[in-house]
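What follows is a set of notes on a single structure, which appears directly below.
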Amino acid sequence: MPELPEVETTRRGIEPRLAGKTLEAVEIRDARLRWPVPGDIGARLAGKKLLAVRRRGKYLLFDFGGLFQIVHLGMSGSLRFAAKNETAAAHDHVDWHFADGTTLRLRDPRRFGAVLLSDDPPNHPLLAHLGPEPLRSDFSAAYLYRACRGRKTSIKNLIMDSRIVVGVGNIYASESLSAAGIRPGRAAGRLTRAECAKLAAAVKTTLQNAVRAGGSSLRDYVAANGELGYFQLHARVYGRAGLPCRACGTPIKKLATAQRSSFYCPVCQK
DNA sequence: CTCCGATCCTGATGGC
DNA sequence: TGCCATCAGGATCGGA
Numbered sequence: 000m001p002e003l004p005e006v007e008t009t010r011r012g013i014e015p016r017l018a019g020k021t022l023e024a025v026e027i028r029d030a031r032l033r034w035p036v037p038g039d040i041g042a043r044l045a046g047k048k049l050l051a052v053r054r055r056g057k058y059l060l061f062d063f064g065g066l067f068q069i070v071h072l073g074m075s076g077s078l079r080f081a082a083k084n085e086t087a088a089a090h091d092h093v094d095w096h097f098a099d100g101t102t103l104r105l106r107d108p109r110r111f112g113a114v115l116l117s118d119d120p121p122n123h124p125l126l127a128h129l130g131p132e133p134l135r136s137d138f139s140a141a142y143l144y145r146a147c148r149g150r151k152t153s154i155k156n157l158i159m160d161s162r163i164v165v166g167v168g169n170i171y172a173s174e175s176l177s178a179a180g181i182r183p184g185r186a187a188g189r190l191t192r193a194e195c196a197k198l199a200a201a202v203k204t205t206l207q208n209a210v211r212a213g214g215s216s217l218r219d220y221v222a223a224n225g226e227l228g229y230f231q232l233h234a235r236v237y238g239r240a241g242l243p244c245r246a247c248g249t250p251i252k253k254l255a256t257a258q259r260s261s262f263y264c265p266v267c268q269k
């Protein structure tokens, strides 16, 4: 579920309450995630101070100073702070207990997420081949145009490829293409320079707006039932098949390819 | 190398 | 109400 904005919102929500605190214990309730949660994670992290929580693509990097905990939320993962004596529910896989009593809790029903350790995240196999961050300047019109050269895959598949650019999932791919006026099924290699420029800009503004929306929902997240990083998206096209395009009123079309659907306006997007 | 479909897993939803 | 099929926001793998 979580794409870059949700992961970034999660990061912003947890870092202020955790940075500078010492980890006391890790409670692994159910180690079965995409890969088993390392059994020695508690032994290796206990007593260490969490310096910062960073993000690379959809990965959260807990910086314990020379040792990093990598967390990926997969499709259904979420992090929240557990209240004192709040019992764990189904699919609550891991608790991190900090010395001041704060407990961070990971829930992941579908178990596509991951909790791993690394002393060198940039060279970790999962992160080593990641493309640029979409909100940074190295993800540019020129970069995207270059990345599209010779590619026959659809532009939607291309921007969802984390080797090209990180953080863009199924929702924000559709939303960005809508904002750029480009159909998701277009062959990447056939986009013009101008279209790539529009798309690179649209990816940035779409993600930025979503991060901002997440930020405004952050204040609620400490609430008892508040999961972190999930918020209402005012979608242009995603999930709106058959509903009128917000710009021209034409019914939004749904394109089903390999169990992943795309949405677009057949008039506004060329 | 590139592309595309299958796949891991559980829960929510809608049709009958 | 119960049962079944379908779909879900990720990312890797293997075959073509």
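Here the first sequence is numbered in numbering that gives the first Met the number 0, starting from 0 and rising by one per residue.
Backbone N, C-alpha and C fix where the C-beta goes; we use that ideal spot for every residue, glycine too.
* Please report how far the alpha carbon of residue 166 lies from the alpha carbon of residue 176, in whole angstroms. => 15 Å
* Asked: Using the C-alpha atoms, what's the distance from residue 80 back to residue 106?
  -> 11 Å
* Measure from the alpha carbon of residue 43 to the alpha carbon of each residue in 29, 22, 57, then state which is nearest. => 22
* For residue 120, the nearest candidate out of 151, 61, 181 (CA to CA) -> 61
* Asked: What residue from 269, 13, 114 has the CA that sits closest to residue 29's CA?
  -> 114
* To do: Compute the Euclidean distance between the alpha carbons of residue 118 and residue 65, then round it to the nearest angstrom.
  => Taken atom to atom, the span from the alpha-carbon of residue 118 to that of residue 65 is near 6 Å.
* **Straight-line gap, residue 111 to residue 34 (C-alpha atoms, nearest Å)** => 8 Å
* **Three-way DSSP call (helix, strand, coil) for residue 181 in this model** => Under the three-state reduction of DSSP, residue 181 is assigned to coil, being neither helix nor strand.
* **Exposure of residue 147, with buried meaning 16 or more beta-carbon neighbours within 10 Å** => buried
* Report yes or no: do three or more beta-carbon pairs, one from the region 239-259 and one from the region 185-192, lie closer than 8 Å? => no
* Option nearest residue 59 by Cα separation, candidates 73, 27, 48 -> Here the closest residue by C-alpha is 73.
* Could you tell me which uninterrupted beta strand (DSSP E) segments, each at least 3 residues in length, are contained entirely in the region 88-158, listed from first to last along the chain? => 91-97, 102-106, 113-117
* To do: Give me the Cβ distance between residue 199 and residue 139, rounded to the nearest whole Å; I'm assuming they're in contact under 8 Å.
  => 6 Å
* **C-alpha distance - residue 14 paired with residue 57, whole-angstrom precision** => 16 Å
* Asked: With 16 other CB atoms within 10 Å as the buried threshold, where does residue 221 fall?
  -> In this prediction, residue 221 scores a pLDDT of 39, lower than 50, which makes its location untrustworthy; no coordinate-derived value is stated.
* When burial is assigned at 16 or more other CB atoms within 10 Å of the CB, is residue 232 buried or exposed? -> buried
* Distance CB(residue 159)-CB(residue 149) smaller than 8 Å -> A distance of 8 Å or more separates the beta carbons of residue 159 and residue 149.
* **Three-state secondary structure (DSSP) of residue 14** => helix
* Three-state secondary structure (DSSP) at residue 68? -> strand
* Where do the ends of the beta strand (DSSP E) carrying residue 259 lie? -> 259-263
* To do: Look at the alpha carbon of residue 190 and the alpha carbon of residue 196, and state the distance between them as a whole number of angstroms.
  => Per the coordinates, the alpha-carbon of residue 190 lies some 10 Å from the alpha-carbon of residue 196.
* Asked: What separation, rounded to the nearest whole angstrom, lies between the Cα atoms of residue 104 and residue 260?
  -> 31 Å
* Since residue 52 sits in a beta bridge, which residues does DSSP pair it with? -> 61
* Asked: Residues bridged to residue 25 by DSSP?
  -> Beta-bridge analysis with DSSP links residue 25 to 95.
* Which listed residue (99, 55, 155, 90) has its alpha carbon closest to that of residue 122 -> Nearest to residue 122 by C-alpha distance, out of 99, 55, 155, 90, is 55.
* Determine which residues share a DSSP beta bridge with residue 3 and list them. => Answer is none; residue 3 lacks a bridge partner.
* For residue 45, which residues of its own chain have a beta-carbon under 8 Å away from its beta-carbon, when the five flanking residues on both sides are left out? -> 22, 23, 24, 25
* Extent of the continuous alpha helix (DSSP H) to which residue 277 belongs -> Because the chain here runs from 0 to 269, residue 277 falls outside it and cannot be looked at.
* Just tell me which of 101, 206, 5, 2 has its CA closest to the CA of residue 178. => 206
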